[in-house]
Amino acid sequence: MKTVDLVVPCYNEQEVLAAFFKETDAWVSNIPGYEFRYIFVNDGSRDDTLAQMKALAALHPQVHYISFSRNFGKEAAMYAGLKSSTGDYVIVMDADLQHPPAMIPDMLKGIQEGYDCVAAKRSSRKGESRLRSWFSSQFYRLSNSLSDVKMEKDAVDFRIMSRQMVNAVLELSERQRFSKGIFMWVGFNTKWIPYENVERAMGTTKWSFKSLFRYALDGIMAFSTAPLRMVCGLGIFISAVAFIYICITLIQTLIFGISVPGYVTTLCAVLFLGGIIEFSVGILGEYISRIYMEVKNRPIYIVKETNIHEQQASKPLE
Ligand code: UDP
Ligand code: MG
């Protein structure tokens with residue numbers, strides 16, 4: 006009998022949690038040879054999500070929960086779930102039923118074929134605005150061209166992983182987590198299963214456009230130092246142009262004597278260079294702020310309560 010842990014990050018999911026459990030359990034309880042365990046992570050929900058988790062846990066012994074002291078974000082919730090998992094395999098999936106539990110048998114099939122990981126990716130972006138999917142594809146293009154870690158386009162955080170891979174993911178204990186990149190970075194054989202994007206069953210998405218933009222920026226910065234090289238290249242290029250300009254001016258002065266200097270040229274050069282310097286400092290600042298957050302070495306999450314064995318849950322960070 007193999008054990009599978011289902012890690013489910015939940016933030017204000019009171020409307021959908023019971024339905025999620027009902028539907029998922031209907032799928033997984035019929036799969037022979039595997040024993041499933043739920044690890045619900047309450048990411049500081051402000052509604053009755055935790056109460057619902059407790060109610061489920063009281064009725065079903067396979068239900069476990071971890072509750073954070075505040076909202077730490079989905080990445081932290083996933084990390085906490087993975088950290089507390091003990092199963093031979095771990096599935097991460099969303100609580101809003103956008104990740105169809107009907108795919109779990111197929112995922113297990115992939116594992117039986119010998120893959121270390123079977124992950125879902127969207128075959129369509131139905132239910133998403135045009136602008137949003139355009140930005141998303143631009144992000145993948147940019148990030149894949151800048152970084153050594155190639156991210157799979159349209160991949161979602163719905164996947165099954167072997168214990169070995171989960172342990173590898175946990176080794177990357179950085180505070181600013183970008184799971185899409187981390188999953189690719191650790192390697193291992195991954196099988197991709199396409200699926201039709203479904204709209205959220207109930208509740209609303211927690212992603213605003215601004216948060217998506219920041220997320221994309223984090224993704225690029227976490228796996229690439231190309232922007233720093235780019236700034237360096239820009240500096241060299243501008244110096245070269247300036248050098249040529251100085252030579253030309255010098256020759257002109259020697260041949261034709263001193264001409265009246267142009268205010269416009271001076272102003273343009275000052276403003277242009279000022280802009281470039283600000284931009285470069287900004288990029289440096291982004292990296293430095295990340296270094297700052299990492300060296301503080303704060304815990305990724307803080308557990309307030311859980312029904313998982315104390316020993317496991319009280320040591321979130323190693
Ligand atoms: N989530 C979380 N913490 C957060 C935001 C989201 O644990 O701060 C969970 C949420 O409950 C859901 C999953 O992450 O199970 C995906 O969130 P959402 O559906 O809002 O994102 P989308 O599906 O639009 O990418
Ligand atoms: Mg969702």
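Heads up, the sequence shown is in the numbering used here, so the first residue is 6 and it goes up one at a time. Glycine included, every Cβ here is placed at the ideal spot set by N, Cα and C. Please read these numbers as outputs of a predicted model, since none were measured by experiment.
Contact belief for residue i with residue j at Cβ below 8 Å, rounded distance in angstroms
i, j, result
"residue 91", "residue 10", "7 Å"
"residue 73", "residue 301", "Not a contact, Cβ separation roughly 19 Å."
"residue 174", "residue 188", "7 Å"
"residue 126", "residue 161", "6 Å"
"residue 129", "residue 201", "6 Å"
"residue 243", "residue 293", "About 22 Å; that fails the 8 Å criterion."
Which residues DSSP lists as bridging residue i, in chain order
i, result
"residue 164", "97, 124"
"residue 73", "308"
"residue 11", "43, 96"
"residue 195", "122"
"residue 68", "43"
Residue i in three-state terms, based on DSSP
i, result
"residue 29", "helix"
"residue 268", "helix"
"residue 292", "helix"
"residue 200", "strand"
"residue 16", "coil"
"residue 105", "coil"
"residue 212", "coil"
"residue 155", "coil"
"residue 21", "coil"
"residue 321", "Here residue 321 scores only 48 on pLDDT, less than 50, and its place in the model should not be relied on; the value that follows carries that caveat. Reduced to three states, the DSSP call for residue 321 is coil."
"residue 140", "helix"
"residue 179", "coil"
Candidates the options, of which the one nearest residue i by Cα
i, options, result
"residue 305", "182, 267, 67, 29", "182"
"residue 177", "284, 191, 169", "191"
"residue 82", "146, 53, 12", "12"
"residue 25", "227, 107, 292", "107"
"residue 36", "113, 198, 52", "113"
"residue 86", "46, 130, 307, 200", "46"
"residue 288", "249, 248, 239", "239"
"residue 143", "222, 17, 69, 270", "222"
"residue 311", "19, 48, 213", "48"
"residue 109", "228, 278, 198", "198"
"residue 80", "220, 53, 31", "220"
"residue 151", "171, 77, 228", "228"
"residue 155", "139, 138, 140, 184", "184"
Chain D contact for residue i (CB, 8 Å cutoff)
i, result
"residue 129", "This model lacks chain D altogether; it includes just one protein chain."
Are there three or more Cβ pairs, one per stretch, closer than 8 Å when the stretch 230 to 239 is compared with the stretch 123 to 142? no
With three or more beta-carbon pairs closer than 8 Å as the criterion, would you say the stretch 58 to 71 touches the stretch 94 to 106? No, the stretch 58 to 71 is not in contact with the stretch 94 to 106.
When you compare the stretch 193 to 201 with the stretch 114 to 131, are there three or more beta-carbon pairs, one atom per stretch, that lie closer than 8 Å? yes
Any contact between the stretch 156 to 171 and the stretch 62 to 69? By contact I mean 3 or more CB pairs, one from each, below 8 Å. no
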